[in-house]
């Protein structure tokens, strides 16, 4: 079974003051996130003026992939080490909705690891 529900979602708003997001991998620790889906909500976006490009650094490749956050664009990619990515500085307000779909077995293993790390009698919190 490749995907399972539930999923996690996030709404991001970059304020347009040159804010970006550093190069990272969405699932560096085996937390269960399998696929990252990003939906862009930015009408009349001009990357030359507004910036805010999502840059993907595919693992083992000598090139990068630049994705403009244009209105009604849906982007999907693997959440693991295969797709490190960053958001370059945005100079206009930039909106995106991100949804992560989970691998059921990996998510269950991550929950077990998290619970086992907690001290006896200590409350734990691990979102679905």
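Residue numbers (the working numbering): -5 to 122.
Glycine included, each C-beta is placed from N, C-alpha and C at the ideal position.
What you are looking at is a predicted structure, and each value in this text was computed from that prediction instead of being measured.
- In terms of Cα proximity to residue 77, the closest of 59, 1, 102 and 90 is 59.
- With distances taken between CA atoms, residue 71 lies nearest to 94 out of 11, 24, 94 and 55.
- The beta carbon of residue 20 is closer than 7 Å to those of 27, 30, 73 and 94 in its chain, skipping five residues each way along the sequence.
- Only exposed fits residue 18, as fewer than 16 other CB atoms lie within 10 angstroms of its CB.
- As computed with DSSP, residue 48 is found in a beta bridge with 61 and 81.
- In terms of Cα proximity to residue 46, the closest of 84, 103, 13 and 34 is 84.
- Approximately 19 Å separates the beta-carbon atoms of residue 16 and residue 62; this is outside 8 Å, ruling out the contact.
- Look at residue 88 here: in three-state DSSP terms it is strand.
- The bridge partners DSSP lists for residue 108 come to none.
- When C-alpha distances from residue 69 are compared across 53, 54, 49 and 86, the shortest belongs to 49.
- For the pair residue 43 and residue 52, the Cα-to-Cα distance works out to about 26 Å.
- No Cβ-Cβ contact shorter than 8 Å links residue 90 with residue 3.
- If you compare the alpha carbons of 87, 108 and 66 with that of residue 12, the shortest gap goes to 87.
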